[in-house]
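Heads up, the thing below is written out as structure tokens.
In our numbering, the protein residues as written are 29 to 224.
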């Protein structure tokens with residue numbers, strides 16, 4: 029489990045296609061400081077399992093499901109990525125419950141700059157629209173954010189200076205594809221209600 033509070037902005041070192049999967053190496057000095065084989069690290073919001081650590085670079089295997097449901101397949105060497113280690117039981121839950129199980133992708137539709145913050149609008153896949161609520165939580169590329177507006181096919185968020193500086197969201201432009209994970213609690217509530 030993750031919190032959506034990005035620990036550092038890393039960089040893809042290499043991606044090696046392997047048939048229906050890929051092996052990806054990522055530089056992240058902070059997240060590798062205590063990483064070991066089998067640990068979970070979220071890369072742009074996708075929970076991945078560490079298979080090797082070499083200095084400040086960790087390597088993960090990315091299966092077809094993750095490549096198909098996320099934007100990871102479009103990454104290349106040099107791409108910046110958001111990184112977060114799995115939360116420990118004795119830590120604060122600073123953002124919201126993020127599983128690292130990306131529900132799909134969205135596209136940046138617009139970006140408006142304020143004095144110290146930016147407002148971004150994203151497409152909203154129809155299958156996920158019912159899980160997104162104004163003032164609710166959403167993870168975009170692994171970042172825990174609050175939904176400011178929502179309609180049938182799009183939603184908006186506002187980004188504070190810290191988010192703009194310390195995550196990949198500062199460089200996102202109109203047309204960019206991002207990973208989204210809706211609030212898991214909403215999905216479970218719906219499943220419980222529908223089954224009755």
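Beta carbons: idealized from backbone N, C-alpha and C, even for Gly.
May I ask which residues mark the beginning and end of the beta strand (DSSP E) holding residue i?
i	result
residue 77	74-82
residue 193	Not the beta strand (DSSP E): residue 193 falls in the alpha helix (DSSP H), residues 189-194.
residue 60	Run containing residue 60: none; DSSP gives neither H nor E here.
residue 165	165-168
Identify the continuous alpha helix (DSSP H) that holds residue i and give its terminal residues.
i	result
residue 96	92-97
Kindly indicate which three-state DSSP category residue i falls into: helix, strand or coil?
i	result
residue 212	helix
residue 154	helix
residue 245	Absent from the structure is residue 245, since the part of the chain shown begins at 29 and ends at 224.
residue 70	strand
Leaving out the 5 sequence neighbours to the left and right, which residues in its chain are closer than 8 Å to residue i when beta-carbon positions are compared?
i	result
residue 59	35, 36, 38, 69, 86, 111, 112, 113
residue 81	60, 63, 64, 65, 87
residue 78	63, 64, 65, 66, 67, 68, 69, 86, 87, 88
residue 145	186, 187, 188, 189, 192
For residue i and residue j, I'd like the C-alpha separation in whole angstroms.
i	j	result
residue 164	residue 71	23 Å
residue 179	residue 41	38 Å
residue 177	residue 171	17 Å
residue 195	residue 127	19 Å
residue 96	residue 54	20 Å
residue 132	residue 206	9 Å
residue 99	residue 222	31 Å
residue 125	residue 93	22 Å
If you drop the 5 nearest sequence neighbours on each side, which residues of the same chain put their C-beta closer than 6 Å to that of residue i?
i	result
residue 149	137, 138, 182, 184
Taking 7 Å as the cut-off, does the CB of residue i come closer than this to any heavy atom belonging to the ligand SAH?
i	result
residue 72	Absence of the ligand SAH is noted for the structure shown, with no ligands found whatsoever.
Excluding sequence positions up to five away, which residues of its chain have a Cβ less than 7 Å from the Cβ of residue i?
i	result
residue 129	75, 209
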